[in-house]
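> Structure incoming, see below.
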Amino acid sequence: DAGITQSPRYKITETGRQVTLMCHQTWSHSYMFWYRQDLGHGLRLIYYSAAADITDKGEVPDGYVVSRSKTENFPLTLESATRSQTSVYFCASSAETSGGAGTGELFFGEGSRLTVL
Amino acid sequence: AQSVTQLDSQVPVFEEAPVELRCNYSSSVSVYLFWYVQYPNQGLQLLLKYLSGSTLVKGINGFEAEFNKSQTSFHLRKPSVHISDTAEYFCAVRRAVLGGSQGNLIFGKGTKLSVKP
C-alpha cells in the first residue's frame, strides 16, 4: 500500500541495547523526519533529512543516529537505549523541496511505541 | 526561530456545543500554519493549513481556523462538536520561505479535546 509505514509498532528493550526503528515511504518525498512524542512535551524533532545522504539534527538528537542511503527509507537507531528514550516515535515525510517549494504538509506514520526497561 | 503556544492543555465540552482551541505563534518572518489531529493510538493527520490569502481557512470534519497576523494567533473552531471529535489537536508553524534544509514543522504541546454526551 502507498504511504508511510513504521516498524515495529511496539518494542520493549533493555537499557544499553541497540534498537533500530524503521520508516519507509512510497511517495518519493524528499524530506523525512523523526519526532518523539512525550506527555507534556508534544512532538519534538529528533532528526530530519532533506534528501538521500543529507541529514541534520533537530531539537533532541542526543543518543540517536540516523541514515538515509535511499530516498524511501529513514531508519532511526538508538545505539545504547536509556529509560529516558521510552517514548512514542513518529516518522513523517514531506514533498517539500530544498528550494522551498511546496506547502510543508507532513504525512505521518502510525508511530512506534518504545519501552526501555 | 519560530515557536508555538497552545493555551489550553485540555478542553472538555458537551456534544453539539461550539469549541475553540487556541494557538499563538512567535516568528520574525512569514510563516505557514497548520492544525493536526491525533486520534488515540494513531499518527497525526492534517486538519487544515494556512499558507496565504484568505485568513479564514476551512478544513476537514467541519473545522475552521482564522489567521490573525496582528494577534499572532491561529485559533481552531467548530460550531458543533461530535463525540467522534474527541482527540488531541496540535498547532504547528513553519517559516514560509526556506533556506537550505529547513523543512521541519514546530509543534505546540497539544490540546486534548474531550467531547461528553
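Keeping their order, the protein sequence lines are chains D and F.
Here the first sequence stands for residues 1 to 117, where the numbers follow this note's numbering.
Here the second sequence stands for residues 1001 to 1117, where the numbers follow this note's numbering.
Each residue gets a CB set at the ideal place from its N, CA and C atoms; glycine is no exception.
1. Is any beta-carbon of chain D found at less than 7 Å from that of Y1032 (chain F)?
2. Using a Cβ-Cβ cut-off of less than 9 Å, give me the residues of the segment 29–45 of chain D that come near chain F, in sequence order.
3. Is there at least one Cβ from chain D nearer than 7 Å to F1107 (chain F)'s Cβ?
4. E79 (chain D) CB to nearest chain F CB: under 7 Å?
5. Quick one: give me the first and last residue of the beta strand (DSSP E) that K1112 (chain F) is part of.
6. Under a three-way DSSP split, which group does S1084 (chain F) fall into?
7. On the CB-based measure, 16 or more other CB atoms within 10 Å of its CB, does S1030 (chain F) come out buried or exposed?
8. Grouping DSSP H, G and I as helix and E and B as strand, with all else coil, what is N1061 (chain F)?
9. Can you tell me the Cα-Cα spacing of A1065 (chain F) and P75 (chain D), whole angstroms?
10. Could you have a look at S1052 (chain F) and say whether DSSP puts it in helix, strand or coil?
11. Can the beta-carbon of T115 (chain D) be found less than 7 Å from the beta-carbon of I12 (chain D)?
12. E105 (chain D) versus chain F: which residues are under 8 Å apart at the beta carbon?
13. Residues of chain F with CB closer than 7 Å to the CB of E110 (chain D), please, in chain order.
14. Beta-carbon of S1101 (chain F) versus every beta-carbon of chain D: anything under 7 Å?
15. Going by Cα to Cα distance, which pick from D:G109, D:N73 and D:D62 is closest to A50 (chain D)?
16. Does N1024 (chain F) get closer than 7 Å to chain D when you measure Cβ to Cβ?
Concretely, from the data shown:
1. Yes, because at least one Cβ of chain D sits closer than 7 Å to the Cβ of Y1032 (chain F).
2. Hits within the stretch, in order: S30, Y31, F33, Y35, Q37, G40, H41, G42, L43, R44 and L45.
3. Judged by the 7 Å Cβ criterion, F1107 (chain F) is in contact with chain D.
4. Not a single CB atom of chain F sits nearer than 7 Å to the CB of E79 (chain D).
5. Segment T1111 to K1116, the beta strand (DSSP E) holding K1112 (chain F).
6. In the structure shown, S1084 (chain F) sits in a helix (DSSP, three-state: H, G or I).
7. The residue is exposed, with fewer than 16 neighbouring Cβ atoms inside 10 Å.
8. Note: N1061 (chain F) maps to helix in three-state DSSP.
9. Rounded to the nearest angstrom, the two C-alpha atoms are 35 Å apart.
10. Per DSSP, reduced to three states, the secondary structure at S1052 (chain F) is coil, with no helix or strand assignment.
11. Against a cut-off of 7 Å, the Cβ pair of I12 (chain D) and T115 (chain D) comes out as a contact.
12. Within 8 Å Cβ-Cβ: F1034, L1046 and K1049.
13. Within 7 Å Cβ-Cβ: Q1042 and G1043.
14. Note that S1101 (chain F) scores 46 on pLDDT, short of 50, meaning its location in the model is unreliable; the coordinates nonetheless yield the value given after this. Closer than 7 Å: yes.
15. Here the closest residue by C-alpha is D:N73.
16. Taking Cβ atoms only, chain D never reaches closer than 7 Å to N1024 (chain F), which makes this a no.
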